[in-house]
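Residue numbers (UniProt numbering): 363 to 730.
Heads up, the beta-carbon is just placed ideally off N, CA and C, and yes, glycines get one too.
Comments concern the structure below.
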Ligand code: GDP
Ligand code: MG
């Protein structure tokens, strides 16, 4: 456990050690000398006597964040569609959402949706709509591994382009399997054979050519082949045997967040472990709050009671908008949340400060 030496503490507070020692004596701690160390709780008491507060800067996040002992249960795959601009990423995502998200009254919403979940013949599949590769890269660089499968979309009338190659690189670097969707097969100019030859040069050899890459042929516009693609995703997911713990406090990744005029912060998060419930205390980056409501993304006012792994959900109640790719965690109490946020702010300030960090006590002192 963390301890503080009397002499250090006295020095940082600008108080004579003898005065600290006297205070401790008065509390019955007769053995303390200038070289003694006291625990944080005692130090807090003594500091308070002199009008100071102590923050535990050696606080470890793991002390508060839950760990999970069980591997858990099978979960739905999380899919990101990548490809060159204009090859049909948005059209495909929109088609799937409209065809598969049972949204009733919200039909035909055009607003951007960060993530949604659909049912296929092979079980549920989650689609993440990251605006461009930057977000994907940013998430990866923040250590947020959210994507289980990449759907690489390639227009049949255009073929492999520089961004297609980049997408392949991204997927390979993250060790994420690729399923190819050759799109726009409804177009008269479509040349699937040519595209497959180009893919071969990138090391993506279709099963028809003796390779192992799953290549589907679709039209995101007419919907042709999309059901088959969804089934292929389900099959791939089964191969991957994706599991996550379902019990305990939730944790996951922020997909995107915005501040809504009426509703405050709306954070679309992907639950990756545990169960997220209304009323939970959530911390994401340096923001926190009590979950006021959980909403199903893309479906107007559809409230969810809880969200388990591989469920994207809109969280209302955070006190600010955390950036995409940040982890979120449910903690036990508002006090834990405050402590975690304070710790993170402190850590960031230290990093940002040009001076090689005066101690917290010194800073508190100089403020007075
Ligand atoms: P993104 O940049 O990858 O998101 O591409 P979009 O989804 O915005 O599509 C670019 C253009 O291609 C739009 O005009 C779409 O209507 C069109 N498009 C997308 N998929 C298809 C398709 O399967 N067939 C045809 N004919 N047009 C498509
Ligand atoms: Mg687009």
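Residue nearest to residue i in terms of C-alpha spacing, selected from the options
| i | options | result |
| --- | --- | --- |
| residue 449 | 476, 688, 542 and 612 | 542 |
| residue 556 | 658, 393 and 516 | 516 |
| residue 644 | 676, 439, 385 and 445 | 676 |
| residue 507 | 629, 544 and 688 | 688 |
| residue 739 | 412, 458 and 678 | The requested residue 739 does not occur in the structure, where the chain is confined to residues 363 to 730. |
| residue 647 | 604, 399 and 691 | 691 |
| residue 399 | 368, 616, 618 and 553 | 368 |
| residue 522 | 566, 550, 549 and 617 | 566 |
| residue 661 | 637, 485, 630 and 586 | 630 |
| residue 487 | 526, 544, 452 and 604 | 604 |
| residue 658 | 374, 478 and 536 | 478 |
| residue 588 | 454, 596 and 627 | 454 |
| residue 380 | 491, 396 and 560 | 396 |
| residue 669 | 446, 634, 535 and 429 | 634 |
| residue 632 | 606, 621 and 433 | 606 |
| residue 518 | 529, 446, 428 and 653 | 446 |
| residue 702 | 372, 425 and 614 | 425 |
| residue 558 | 548, 514 and 536 | 514 |
| residue 615 | 674, 531, 444 and 622 | 674 |
| residue 590 | 388, 544 and 365 | 544 |
| residue 431 | 654, 696, 649 and 609 | 609 |
The alpha helix (DSSP H) enclosing residue i, as first and last residue numbers
| i | result |
| --- | --- |
| residue 368 | 368-375 |
| residue 634 | Run containing residue 634: none in the alpha helix (DSSP H); it sits in the beta strand (DSSP E), 626-635. |
| residue 530 | 524-535 |
| residue 379 | 379-388 |
| residue 427 | From DSSP, residue 427 is part of no alpha helix (DSSP H); its letter is neither H nor E. |
Three-state secondary structure assigned by DSSP to residue i
| i | result |
| --- | --- |
| residue 570 | helix |
| residue 449 | coil |
| residue 717 | Interpretation of residue 717 is limited by its pLDDT of 40, a score under 50 that renders its predicted location unreliable; the figure taken from the coordinates is listed afterwards. In the structure shown, residue 717 sits in coil (DSSP, three-state: anything other than H, G, I, E or B). |
| residue 406 | helix |
| residue 466 | Residue confidence is low: residue 466 scores 46 on pLDDT, short of 50, so the model does not pin down where it sits. Its coordinate-derived value is still stated next. Helix at residue 466. |
| residue 401 | strand |
| residue 700 | helix |
| residue 365 | strand |
| residue 686 | coil |
| residue 725 | Note that residue 725 scores a pLDDT of 46, beneath 50, so its modelled location is shaky; the value from the coordinates is reported in the next line. In the structure shown, residue 725 sits in a helix (DSSP, three-state: H, G or I). |
| residue 565 | coil |
| residue 596 | helix |
| residue 436 | strand |
| residue 459 | helix |
| residue 554 | helix |
| residue 605 | strand |
| residue 710 | helix |
| residue 422 | coil |
| residue 589 | helix |
| residue 471 | Confidence is the limiting factor: at residue 471 the pLDDT is only 47, short of 50, which leaves the residue's position unreliable and the question unanswerable from this model. |
| residue 391 | coil |
The beta strand (DSSP E) enclosing residue i, as first and last residue numbers
| i | result |
| --- | --- |
| residue 618 | 613-622 |
| residue 676 | 673-678 |
| residue 691 | 689-693 |
| residue 645 | 643-646 |
| residue 479 | 477-482 |
| residue 657 | 655-657 |
| residue 542 | 540-545 |
| residue 652 | 649-652 |
DSSP bridge partner residues for residue i (one or two, in chain order)
| i | result |
| --- | --- |
| residue 444 | 514 |
| residue 638 | 669 |
| residue 412 | Per DSSP, none; premise fails for residue 412. |
| residue 578 | 543 |
| residue 486 | 481 |
Residue i Cβ short of 6 Å to the ligand MG heavy atom set
| i | result |
| --- | --- |
| residue 452 | yes |
Cβ-heavy atom distance, residue i to the ligand GDP, below 6 Å
| i | result |
| --- | --- |
| residue 588 | no |
| residue 519 | no |
| residue 447 | yes |
| residue 582 | yes |
| residue 546 | yes |
| residue 460 | no |
| residue 549 | yes |
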